[in-house]
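Enquirer: Per UniProt numbering, numbering of the sequence shown is gapless, rising by one per residue and ending at 320.
Positions of the beta carbon are idealized from the N, C-alpha and C atoms, including for glycine.
Provided herewith is a single structure, encoded as structure tokens, for subsequent inquiry.
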Amino acid sequence: MAVSLSSSSSFLCFSSLLQNPNSSASKLQPLVSYRGPSGLQFHAAFLGYRGSRRQIGVRELCRNGRRSFICRASSLPEALLFDCDGVLVDTEKDGHRISFNETFQERGLGVSWDVELYGELLKIGGGKERMTAYFNKNGWPENAPKSEEERKEFIASLHKRKTKLFMALIEKKLLPLRPGVARLIDEALEKGVKVAVCSTSNEKAVSAIVSCLLGPKRAEVISIFAGDVVPRKKPDPAIYLLAASTLGVQPSRCVVVEDSAIGLAAAKAAGMKCIVTKSGYTAEEDFLSADAVFDCIGDPPEKRFDIGFCAELLEKQFVS
């Protein structure tokens with residue numbers, strides 16, 4: 001359950017409870033971390049028993065302490081916005097990277113991106129931008145054009161082929177949805193919350209993920225903002241601001257689910273709440289500005305959060 005920490009003394013009261021060897025908190029295991037407006041961070045080693053996996057809220061634990069943390073009921077988000085790669089599907093290492101390398105091999109470029117190198121390249125938003133930055137730094141292939149305009153066309157052709165190879169992986173369903181994605185989307189849609197996917201990836205690739213893995217019924221009602229629909233990629237907030245404007249919602253009433261530091265930066269710059277679900281490549285990134293950080297969205301009995309939690313993020317209150 002989300003809470004706000006209004007002072008260091010509040011955190012100390014909470015910590016003292018956890019340090020009590022007779023407290024049920026001693027049996028708990030970490031699942032997620034929260035950050036309050038004061039900048040203090042605490043981990044939900046307070047959120048589930050190791051044995052039974054029973055979920056208990058911060059409110060329940062704090063009844064035994066000197067203060068109570070509560071989350072006041074609030075209206076639902078107007079929109080729930082998802083990044084695609086790493087959030088809907090963990091696509092990067094065994095999806096996009098493999099497709100890039102197959103494309104490079106087909107074209108005889110003598111380039112191969114290993115797991116570590118690709119992790120560094122992911123700090124650059126957008127596949128075309130990623131390739132351009134790599135070649136600018138490491139040298140362009142001998143068979144690449146010399147002029148800037150022709151190089152843009154060269155990169156675009158590589159990216160088109162890479163996207164086709166990647167879509168084949170998606171259509172074969174070789175890359176599954178991450179746990180909890182379909183459940184959370186269904187919860188949002190059932191409550192009338194608008195749902196969109198906002199990604200720097202190619203629009204065709206994102207559409208393939210949504211239609212093939214989420215199914216045609218969900219695809220009909222999920223908006224997609226992807227690729228070159230905006231001139232500046234994440235961490236620029238343009239894609240999230242475009243989504244809010246197009247959907248007719250206030251940025252402050254949107255909750256974003258991201259997996260990367262650049263995606264988080266884009267969401268916060270747009271004035272939106274942001275939940276991070278770490279992915280394979282982003283586990284060690286800095287998420288200090290996130291409103292909540294999880295290892296995944298999760299399905300029962302391993303559910304991490306739901307649409308109610310997203311609503312609570314929009315209006316948190318601490319009561320002494």
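Would residue 179 pass as a contact of residue 302 if the rule is Cβ separation under 8 Å?
Expert: On the sequence shown, position 179 is the one that residue 179 refers to. On the sequence shown, position 302 is the one that residue 302 refers to. Contact flag set, yes.
Enquirer: Quick one: give me the first and last residue of the beta strand (DSSP E) that residue 171 is part of.
Expert: Indexing the sequence shown from 1 puts residue 171 at position 171. Unbroken run through residue 171 is the alpha helix (DSSP H), 148-171; no beta strand (DSSP E).
Enquirer: In angstroms, rounded to a whole number, what distance separates the CA positions of residue 162 and residue 236?
Expert: The residue given as residue 162 occupies position 162 in the sequence shown. The residue given as residue 236 occupies position 236 in the sequence shown. Taking the straight line from one Cα to the other gives about 24 Å.
Enquirer: Might you give, ordered along the chain, the residues of its own chain that have their beta carbon closer than 6 Å to the beta carbon of residue 202, omitting 5 neighbours on each side?
Expert: As a working mapping, residue 202 is identified with position 202 in the sequence shown. These residues qualify, in order along the chain: 163, 227.
Enquirer: Start and end of the beta strand (DSSP E) containing residue 294?
Expert: Walking along the sequence shown from the start, residue 294 turns up at place 294. Looking at the DSSP string, the run of the beta strand (DSSP E) that includes residue 294 is 292-294.
Enquirer: Since residue 226 sits in a beta bridge, which residues does DSSP pair it with?
Expert: Position 226 of the sequence shown, counted from the first residue, corresponds to residue 226. BP columns for residue 226 point to 199.
Enquirer: So is residue 73 buried or exposed if we call it buried at 16+ other beta carbons inside 10 Å?
Expert: Against the sequence shown, residue 73 aligns to sequence position 73. Its pLDDT being 39, under 50, residue 73 is placed unreliably by the model, and nothing is read from it.
Enquirer: Near residue 280, what residues of its chain come up, given a Cβ to Cβ distance below 8 Å and the 5 sequence neighbours on each side ignored?
Expert: Indexing the sequence shown from 1 puts residue 280 at position 280. Closer than 8 Å at the Cβ level, and outside the excluded window around residue 280, lie 86, 90, 92, 93.
Enquirer: Can you give the Cα-Cα distance for residue 207 and residue 168, rounded to whole angstroms?
Expert: One-based indexing of the sequence shown puts residue 207 at position 207. One-based indexing of the sequence shown puts residue 168 at position 168. The straight-line gap from Cα to Cα measures roughly 13 Å.
Enquirer: My understanding is that residue 234 touches residue 95, with C-beta atoms under 8 Å, so please give their C-beta distance in whole angstroms.
Expert: On the sequence shown, position 234 is the one that residue 234 refers to. On the sequence shown, position 95 is the one that residue 95 refers to. 18 Å between Cβ atoms; not a contact.
Enquirer: Starting from the N-terminal side, write out each stretch of the alpha helix (DSSP H) that is 4 residues or longer and does not extend beyond the stretch 209-280.
Expert: 216-221, 238-247, 261-269
Enquirer: What does DSSP give as the partner residue(s) for residue 177 in the beta ladder?
Expert: Here residue 177 corresponds to residue number 177 of the sequence shown, with the count starting at 1. When beta bridges are read from the DSSP output, residue 177 appears opposite 89.
Enquirer: Enumerate in chain order the residues of its own chain whose CB-to-CB distance from residue 128 is below 7 Å, with the five nearest sequence positions on each side excluded.
Expert: The residue given as residue 128 occupies position 128 in the sequence shown. Answer for residue 128: 155, 156, 159, listed in chain order.
Enquirer: Would the beta-carbon of residue 214 fall within 8 Å of that of residue 306?
Expert: Counting from one through the sequence shown, the residue named residue 214 turns up at place 214. Counting from one through the sequence shown, the residue named residue 306 turns up at place 306. No. Outside cutoff.
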